[in-house]
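Residue 40 in my numbering sits at position 52 of the sequence shown; the count goes up by one each step and never skips. Here a beta-carbon is modelled for each residue, glycine too, at the ideal position from N, C-alpha and C. Nothing here was measured: the structure is a model prediction, and the numbers come from that model. Before any comments, here is the structure.
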Amino acid sequence: MKNIISEIELKYSPIVLKQERAIIKDSSSAYKVLLNNWNMDSIELYEEFKVLLLNRANEVLGVYALSKGGIHGTVVDIKLLFAVILKSASSCVILAHNHPSGNLKPSEADKNLYLKIKKVAEYLDVNVLDNLIISREGYYSFTNTME
-11 MKNIISEIEL KYSPIVLKQE RAIIKDSSSA YKVLLNNWNM DSIELYEEFK
39 VLLLNRANEV LGVYALSKGG IHGTVVDIKL LFAVILKSAS SCVILAHNHP
89 SGNLKPSEAD KNLYLKIKKV AEYLDVNVLD NLIISREGYY SFTNTME
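See the structure below:
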């Protein structure tokens, strides 16, 4: 019997030219980019978790929708999150999820998940710039309130 091992190939194919990339300067500009990448027909229906992928210059490499859940929550698989971050060669990220109720106050689960992701990111030299809870009307920034 042969030993067959799966092959992993790394490949980087940017689809947005460098001069066309949005630059994130603060939580407000991150919110605008994220809101433009959210389905407004479902933002008040179910919870989603997305990650804004950035290079060292805070240029947007992409927005990845990691999970869709129900009315009261969504599951965030940290292994999948970091697989996306590492595969995209992102140096910085901004985490985001919506609260269908429109209530922007973070739950204890939101806070614990943010701290867990930040801890893993530190080991991998990935800078978690912010974690936003968004709604159609506004957002809550963890870094504007936790530092």
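C-beta contact flag for residue i and residue j at 7 Å
i	j	result
S78	L54	no
G36	N86	It should be noted that the sequence gives Glu, not Gly, for residue 36. Yes; because the gap between Cβ atoms is below 7 Å, this pair is in contact.
P88	I66	no
Three-way DSSP call (helix, strand, coil) for residue i in this model
i	result
D113	coil
V48	strand
S79	coil
Y34	coil
N100	helix
A53	strand
A71	helix
L92	coil
Assigned exposure category for residue i - 16 Cβ within 10 Å defines buried
i	result
H113	The sequence given here has Asp at residue 113, not His. When all chains shown are included, D113 counts as exposed.
K93	exposed
K20	exposed
L22	buried
L49	buried
Close beta carbons around residue i, own chain, < 6 Å, minus the five adjacent residues each side
i	result
N25	V51
In DSSP terms, what residue i is bridged to
i	result
V186	Residue 186 lies beyond the range of the chain shown here (-11 to 135); nothing can be said about it.
S16	BP columns for S16 are empty, so no partner.
H85	F37 and I121
I11	E47
Check: residue i C-beta below 6 Å from any heavy atom of the ligand MG
i	result
V51	You won't find the ligand MG in this model; it holds no ligand whatsoever.
Close beta carbons around residue i, own chain, < 7 Å, minus the five adjacent residues each side
i	result
A18	I12, L40, I82, D118 and L120
K106	V116
Cβ neighbours of residue i in the same chain (closer than 8 Å, five flanking residues each side left out)
i	result
T62	Y34, E35, E36, F37, S55, K56 and H85
L46	Here residue 46 turns out to be Asn, not Leu, going by the sequence shown. Cβ neighbours of N46 beyond the five flanking positions: I11, I12, K13, C80 and L117.
M28	R124
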